[in-house]
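Asker:
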Amino acid sequence: MNEFPEIALSVDELSVFYGDNKVLEQLSLKVLANEILCLLGQSGSGKTTVLKAVAGLLPLQYGTISIGEEIISSVDTVLAADKRGIGIIFQDYALFPHMTVLENICYGIKEPKQQAELSAKSLLELVKMAGYDGSYPHELSGGQQQRIAIARALAIEPKILLLDEPFSNVDHNLRQQLMADIRQILKARNVAAIFVTHNKAEAFAFADKLAFMEGGKIVQTGTAEFLYLHPCSAALAESMGQGNWLDVQVLDQRRIMSNILGEILSTKQHGFEKGQKCRQFIRFNQLAISGDDTGSAKVIDSVFNGENYLCTLTINKTILVVNLALAQKISVGDTVSVTVLPHAAILFDGQ
Amino acid sequence: MKNSLLSLFVVIFLFPIANVSAQDVNIYSYRQPFLIDPITAKFTEETGINVNIIYAKKGIAERLKREGKYSPADIVLTSDFNRLIEITEKGLTQAVESEILIQNIPSQYRDDKSHWFALTTRARVIYASKDRIKNAEALDYEDLASERFKGKVCVRSGKHPYNISLIASMIAHYGEAETKAWLLKLKENLARKPQGNDRGQVKAIKEGICDVSLGNSYYYGKMLMDDAQKPWADAVSIIFPNQKNRGAHINISGIAMTKYAPNKENALALMAFLSSEKAQGLYASLNMEYPVNPIVEPSETVKSWGEFKADSLPLTTVVQYQAAAYKLLDEVKFDL
Amino acid sequence: MQTTNPRAWLSLSWIVSLFLVVPIIALLLQSFGSDTDLFVHLWNTVLTDYVINTVQLVFLVLLFSTIFALPSAWLIAMCDFKWRQQFQWLLMLPLAMPAYVIAYIYTDLLDFSGPVQRSLRSVFQANTAMGEYWFFEIRNVYGAALMLALVLYPYLYLIARTSFLEQGASLFQVSRTLGLSPWQSFKKVSLPLCRPAIVVGLIFIGAEALGDFATVHYFAVNTLTTAVYDSWLGHGSLSAAAKISMFMLLSVVGLLAIERWQRGRQRFYQKSTAKMTKFKLNKRQSLAAVAWCLMLIMAGFIVPVMILVDYAINYFAVGWQDVLWQVLLQSVWLALVAAVITTIIAVLFVYTTRLSARPSAHVPLKISMMSYIIPSTVLAIGVLISMTLFETSVNEWLVSLGYQPPGLFLSGTIFALIFAFVVRFQAVANGVIESSFLNISPSLDMASKTLGKSNVQTLFSIHMPLMKKGLFTAVLLVFIECMKELPAALLLRPFNFDTLATYVYQFVSDEHLEHAAVAAILIVLAGLIPVIRLTQTGKSPQ
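Residue numbers (this note's numbering), protein chains in the order written: chain C, 1 to 351; chain F, 1001 to 1336; chain A, 2001 to 2542.
Right under this line is the structure:
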C-alpha cells in the first residue's frame, strides 16, 4: 500500500449555477478511502448540490470530479449517473413503492435473478432486516425503510456512498442505533462516504471528518473536535454548539478585555492585534457561576435540559447563558459572579 | 403491462382499412346518405362499379381545393345551386361532353360550358296552418313581411343556403334596399329566433307557435311518409308563392365532375345513370323532388300538389347576389 | 463515455411538438390574408353581438360547471356519506354524453310539445295555445350553457376532487379551530388552495365551450364560432375565419397570463401526507349530499340515457343497422389509437421536463396544448392545409425523380383523422400526465439512476408502473373525447368511413335523433365501460 492515504473521490474547483444563481463556487474536497466525510451546513448552503453533482445528476459549469484517477465529471463530459457506481441515500428513503423489499434491493443488481436474490438476502441480513423480503415499503417504519435503502445502495457495490440527511426522518430513539450500524457496515465493507446533514450531533456520531459549508463554499475541514475548538467562521462556531457573543477588545496575544466579564485569558495565542475590537464566542460550558452576593450578575431564568441547567443571567443589561451542573444549587433571582473557564478564545473581526 | 401494450399495437396495425381500388368511382357529397345510398347501390348493382362516398355538409370545396391534382374525388354532389357554382368558379371542376346528359337534362338545367348539371329541382314554398290561415293559396314571399303575419312567421337560419338563395333572388328582382326593408319586416314578424330546419318550422306551426313558414317543397312529401311527422304535415297546406306574378323560387341539386377526376369513365357512367330514367325516378319517389329528366314524372304525392309557375330568372343570375344576401342578413341581424 | 445529458429527449420532444403545431402554423399563415372589407362589414354588423354571446356563453358554462363540480368534489373528497364510493365515479358519467345529444334530448323533453309541458297542460287543464302560460325557454344561451355544463363539469370535478384530497383535512380543521365556520373555512382555505387546479379545469371546460358549434347552432345561439363558419363558408374568406380563431386563441392565452400574474408568488402545492379523516355527515346533511349528487347524475346521465333507450326501443327497426357494428368497431379503434398515441406523446413531453432543468424543455409541453383552444373545424382545416401541402410536395418530388406519384397517402386516409385527434386532445393527456408525474418523488429517479439504470429503464420500471392510474385516466379521457369528436371527423374522414359521432350527428342535424338512438347509446357505453374500469383500478392498494 502507498504510504500516502488513497484518495477515493476528489472534487476540484467545482462550480454549479442554477440560471444566474451560483449555488457552488470553486468548491474542492477530497474523500480518502474508507473515510466518512460529513458536509455540515445550514439549509441553502449547497450541501445537497454537491451530492447531486458527485452522483452525476447535475451538469457543472466549472471544475472536475474524479474517482481515483478517473475524471467522472467535467464541463464537457459527465459520466451518466448509472455508470458511476456511486450509491445514494435520500432523506425520504426513495424506495420504489410498487416493489417489495427484495425487488427494491435486486433492482440494481446485474446478475441472474436467483443469484441476485441470494445477494439481496445476505444484504438484508447485513442491515438486520432478514425476513422482510416480501414486505412493501409502506409497511415498514422510517428506520426500517432507511435500512432497506442502504441495502439497496450497497447492492451495486459502490466505491462511494452519498447520504443526504439520511437520519432526519428516523425516530430519535432509533437513530443512534441506526447510525452505529450503518457506520459499522461502511467501515466493514470499505466504502467511502459523503454524508450531508445540518445536525451536529449526527455529524459527530457518524463522520470521521467534517467539512463546513457556507454560501456554496467549504469554509473549513477537519475533525469534529478541531472544528469545535477552532471554528474559522461565526456560523460554524454557532453550528458546533451554542454560546454567547461578547464585544471585546484585544489587550495582547493571550488577554482580552470584556466590558461585562472583565479580563479574559486565552490558553492559546489568538493572533489578533493589540487594541483591535472583536467579537468573542464563549460557549455555555466555558462559563461558570457561583453564588456571590457581591457578584454583578443576576439569574433571571433556569431551565433543565436533561444533563444540566441552562441559566440565563443579566449583567449590565446584557444577557448571558451559562451551563450549570445539576449538583449546584442556584435559583432564579440569585445574585452570582461569573468566571470564564480556561479555553482557547474564539475571536472574530468587527463589532 | 408491456405485453398488453404490444398486443394493442398489433391489433392497431392489423386493423383492415378500406381500400379504394380501380373499379371505383369516388364521390364527395353534400347530399345526405338516406337519399344517395339507395341510388348508388342501384348503380353498383347495374354496372359493378364500386361507389365510395364522403358525406359532409361543410368544407368539401375546401378539401377539394387543398387536395389539388392528387384528389381522389371524381364527382361532387350538391344539395343546392350555390355550392355547385362555388366549386365551378373555384376551378375545381371539368367540362363533361356527354350526349346522354344533353339528352336527359334540359338546357336550362345545365351549364353552357358543361361544368355542372342539375339533377332535381324543388320550390321554396310557404307552409301555412290549415286551421288559422284563410285563403292561403294566393300568398307571396312579400306577404310574409306584411302586418298580417306579425309574430306568426317561423324560418330556419337566414344563412342556410336555401334561404340565401331565396334572398339573392329577391335582390335580383328588387335590388338591395328593398330586399333589406323586406328582411327587416320579416324579422319583426318572426315568432321566434331563426332555428331548427325546414321540418322544425312545420312542427312549430302544428304546435301553434306560428302560422306560416318557409320550406322546400319535398319536405312536405317526406313528412307525410314519416309516421311521427305526418301529423305536422297534416296541419299545414303547401303553397307555391307568387303564382300571379314572377313564380316560386326554385333551387336545384346538382352534380359536377372534379377537375382531376382519376376515374373519369366511371364518373361519366355515374353521371349518366343519375340523369337516367331509373335514378330520376328514385329521386322523385324517395325524396319527393322534381326530376329534371322530362320523361320522368314526379311522384303521385308531388303531382297531387298541382302544377306551379316557377320563377324564370336563371339561377346563374341569382347566384351573383349571394354575397350581397349574406351581408344583408348580417346588417339586419336576422339570426340574432 | 455516456452522458446523462437529456439532449436526446429534448430533441425528440421538440421534433414531435413541432409536428403537432404545424396545423396552427398553417392557420397562422392563412390568417395573414387581406380581408379588411369583410372585417369592417362584420364589425359594423354582427361581430359585437357574437362576441357578447360568446363571452356570455363561456361565462355561463364556467359558472354552471363550477356550481355543479365544486360542491360535489368537496363532498366526495372531504365527507363521508352513504354511497360516497359509488358517487365518486357515477359523477364522471356525464362526460361520456355528447353535448349535441343531450341538447337534442332536453329540447325534445322540454319543448312546447314535449312530454313535460304536455303533462303540465293536462294537469292544469290549461289552454293548448302557446305563450298563454309561462315555461322557461330552453333554446337560448342559458339552455345551451346548461347543456354544455352538464356534460363538461366532470373535468372540473375530477381535477378539484384530486386537489381537495391532496390538501387533506388538517388545514381545514386548523381553520375551524381558529374560529371560522365551515363555510368560511371552505372559502378562505380549501378553495384558494385549490385555485390552480380549478383554473386548469375551467380552461378545459372553457375551451370546449368556446369551440362548440353543434350545440350552440342547435340552440340558435350565434357565437364567434358562427362568425368563423360565416366567414369561411358564407363570405368565402378562410383567412378571416383563421384570424377570428387566432383571436380566440390569443384571448384565452391572455386570460391565462392574467391569472398567473394575479396569483403572483403564492405557492399552492403542498402535499399533505397525514392520513385524512372524513367528516361524518349527520342524517340531514347526508341526505342533502346524496340528493345533490343524485340530481347531477340524473340530469347529466340517467334521464338522457333513459330517453335514448326509449327512442331506441320505439325506433329499433330503423335504428338498428348492421353497419353499426362496423361503425362501432371503427370508432373504438380510432379513438383508442389516438388516445394511446396522445398519451405516449404526453409522457415524452412531461418526462423531458423532468430530465432537463432548461426552460426550453417546457416548450413542447406548453405549445402542444394550444390547439385545444381552437375550434375543431378550423383546426381540421389547418390539418388539411398542412397535410395536403406536404403530400403535394412529396408527390412532386417523386415525379421529378421519375416515380409514380403515390397520391394523397396521408390526408385521404385514417391517418389524417388520428393526427387531428392527437393534435386536438394533446392538452388533455398532457394535463393528466403532468400531475401524475408530480406525484412521484424526484429522489426515486435519482435512486434508480445511481442504481445503474438509464433514463428509459427508469421510465419503464419506475414511473410507468407508479403512474398506471394516470396513464389509464389520460387514455380514457382522450378516448371519450375522440368518441364524441365531430367537426374534425366530418371534414377529414376517408371514403365510406363513419364514426359513431358522425353517424349520430347526421340524424341530429336532420332532427331525427330517434333513428340514431342505438348509435348514441353505443357512444355512451363505449365511454362508460372504461370509466367503471378506472374506478376499479382506483380501489386497488397503492
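Glycine residues also receive a C-beta, built at the ideal position from the N, C-alpha and C atoms.
Taking the alpha-carbon positions, what's the G1091 (chain F) to A1269 (chain F) distance?
Answerer: Cα-Cα distance, rounded: 22 Å.
Asker: In chain F, what lies closer than 7 Å to T2392 (chain A) by C-beta?
Answerer: Correct list: G1068 and Y1070.
Asker: G63 (chain C) by DSSP, collapsed to three states: which one?
Answerer: Strand, per DSSP.
Asker: So L2165 (chain A) is in the alpha helix (DSSP H); what residue range does that whole segment cover?
Answerer: L2165 (chain A) -> alpha helix (DSSP H) spans V2141 to Q2167.
Asker: Which residue wins for smallest C-alpha separation from K2366 (chain A), given the options A:A2077, A:M2092, A:V2337 and A:E2434?
Answerer: Here the closest residue by C-alpha is A:E2434.
Asker: According to DSSP, what are the bridge partners of L32 (chain C)?
Answerer: Answer by DSSP bridge pairing, in chain order: C:I7.
Asker: Okay, do the stretch 2513-2521 of chain A and the stretch 2313-2320 of chain A touch, 3+ Cβ pairs below 8 Å being the bar?
Answerer: As far as the Cβ criterion goes, the stretch 2513-2521 of chain A touches the stretch 2313-2320 of chain A, which means the pair count is three or higher.
Asker: Using only the alpha-carbon positions, how far apart do V1020 (chain F) and E2166 (chain A) sit?
Answerer: Caution is warranted here: a pLDDT of 49 is assigned to V1020 (chain F), below 50, making its placement in the model unreliable, and the coordinate value is therefore given only provisionally. Straight-line Cα distance between these residues: approximately 53 Å.
Asker: Taking the C-alpha atoms as reference points, what is the distance between A2169 (chain A) and K2278 (chain A)?
Answerer: Those two C-alpha atoms are separated by around 7 Å.
Asker: If we ignore side chains and look at the alpha-carbon of each, how far apart do A2380 (chain A) and D1198 (chain F) end up?
Answerer: Their Cα atoms are separated by approximately 29 Å.
Asker: Taking only runs that begin and end inside the stretch 1115-1149 of chain F, name each unbroken beta strand (DSSP E) of 3 or more residues, in chain order.
Answerer: Listed in chain order, they are 1116-1129.
Asker: Let me know the secondary structure DSSP gives F1013 (chain F) once reduced to three states.
Answerer: Bear in mind that a pLDDT of 49 at F1013 (chain F), under 50, signals an unreliable position, so the model cannot answer this.
Asker: Do S1114 (chain F) and V1096 (chain F) have their C-beta atoms closer together than 7 Å?
Answerer: Going by C-beta atoms, S1114 (chain F) is nearer than 7 Å to V1096 (chain F).
Asker: Counting only the same chain and skipping the five closest in sequence on each side, list residues whose C-beta sits under 8 Å from that of A297 (chain C).
Answerer: Within the same chain, A297 (chain C) has close Cβ partners I289, L313, T314, I315, L320, T335, V336, S337 and V338.
Asker: Curious, which full-length beta strand (DSSP E) runs of at least 3 residues does the stretch 2314-2397 of chain A contain?
Answerer: As far as the stretch 2314-2397 of chain A is concerned, it has no whole beta strand (DSSP E) run of at least 3 residues.
Asker: Can you tell which of C:E214, C:T267, C:Q280 and C:H230 has its C-alpha closest to the C-alpha of G353 (chain C)?
Answerer: The structure shown does not extend to residue 353 (chain C), since chain C is modelled only from 1 through 351, so no value can be given for it.
Asker: Quick check on the DSSP output: what are the complete beta strand (DSSP E) runs of length 3 or more inside the stretch 236-268 of chain C, in order along the chain?
Answerer: Complete beta strand (DSSP E) runs here, min 3: 243-250, 255-258 and 262-265.
Asker: For the stretch 2360-2375 of chain A against the stretch 2009-2025 of chain A, do three or more pairs of beta-carbon atoms, one drawn from each stretch, fall closer than 8 Å, so that the two count as touching?
Answerer: Contact holds: three or more Cβ-Cβ distances are below 8 Å.
Asker: Determine the burial state of F226 (chain C): buried for a count of at least 16 other Cβ atoms within 10 Å of its Cβ, exposed for fewer.
Answerer: F226 (chain C) is exposed by the Cβ-count criterion.
Asker: Mind listing the chain C neighbours of I2462 (chain A)? Cutoff is C-beta to C-beta under 7 Å, in chain order.
Answerer: By Cβ distance, chain C contributes F96.
Asker: Apart from the five residues on each side of it in sequence, which residues of its chain come closer than 6 Å, Cβ to Cβ, to I2280 (chain A)?
Answerer: Position check: residue 2280 (chain A) holds Lys in this sequence, whereas Ile was assumed. So the list reads D2080, once near-sequence residues are dropped.
Asker: Any beta-carbon of chain F closer than 7 Å to the one on I2385 (chain A)?
Answerer: Chain F, which has a Cβ nearer than 7 Å to the Cβ of I2385 (chain A), makes this yes.
Asker: With a threshold of 7 Å between beta-carbons, can T2045 (chain A) be considered close to chain C, or not?
Answerer: With 7 Å as the cut-off, T2045 (chain A) does not count as an interface residue toward chain C.
Asker: For K1193 (chain F), would you say it is in contact with chain A, using Cβ-to-Cβ distances shorter than 7 Å as the test?
Answerer: Answer yes: the Cβ-Cβ gap between K1193 (chain F) and chain A drops below 7 Å somewhere.
Asker: Strictly under 7 Å for the Cβ-Cβ distance: is G2412 (chain A) near chain F by that measure?
Answerer: Yes - at least one Cβ of chain F is within 7 Å of the one on G2412 (chain A).
Asker: So what's Q1023 (chain F) in DSSP terms, helix, strand or just coil?
Answerer: DSSP places Q1023 (chain F) in coil when its eight states are reduced to three.
Asker: Report the residue ranges of all alpha helix (DSSP H) runs contained in full by the stretch 2093-2122 of chain A; include only those spanning at least 4 residues, in chain order.
Answerer: Runs of the alpha helix (DSSP H) inside the stretch 2093-2122 of chain A: 2099-2110.
Asker: Can you list the residues of chain A that D82 (chain C) reaches, using a CB-CB cut of under 9 Å?
Answerer: The answer, in chain order, is Q2002, T2004, S2448, K2449, T2450, L2451, G2452, K2453, S2454, N2455, Q2457 and T2458.
Asker: Compare the C-beta of S2072 (chain A) against all C-beta atoms of chain F and say whether one is closer than 7 Å.
Answerer: So, not an interface residue.
Asker: How many Å lie between Y1218 (chain F) and T1120 (chain F) at the Cα?
Answerer: Those two C-alpha atoms are separated by around 11 Å.
Asker: First and last residue of the alpha helix (DSSP H) that includes M179 (chain C)?
Answerer: Note, M179 (chain C): alpha helix (DSSP H), H172 to A188.
Asker: Between T2388 (chain A) and chain F, is the shortest Cβ-Cβ distance under 7 Å, so that the two count as touching?
Answerer: Yes, because at least one Cβ of chain F sits closer than 7 Å to the Cβ of T2388 (chain A).
Asker: Among A:N2430, A:F2507, A:I2067 and A:L2158, which has the Cα closest to the Cα of G2319 (chain A)?
Answerer: When each option's Cα is compared against that of G2319 (chain A), the closest is A:F2507.
Asker: Less than 6 Å separating the Cβ of S2360 (chain A) from some heavy atom of the ligand GDP?
Answerer: The ligand GDP is not part of the structure shown, which contains no ligands of any sort.
Asker: Which residues mark the beginning and the end of the alpha helix (DSSP H) in which R2424 (chain A) is found?
Answerer: I2414 to L2438 is the extent of the alpha helix (DSSP H) around R2424 (chain A).
Asker: At a Cβ threshold of 7 Å, is L1014 (chain F) touching chain A?
Answerer: The pLDDT assigned to L1014 (chain F) is 45, lower than 50, so where the model puts this residue is not dependable, and the model offers no usable value.
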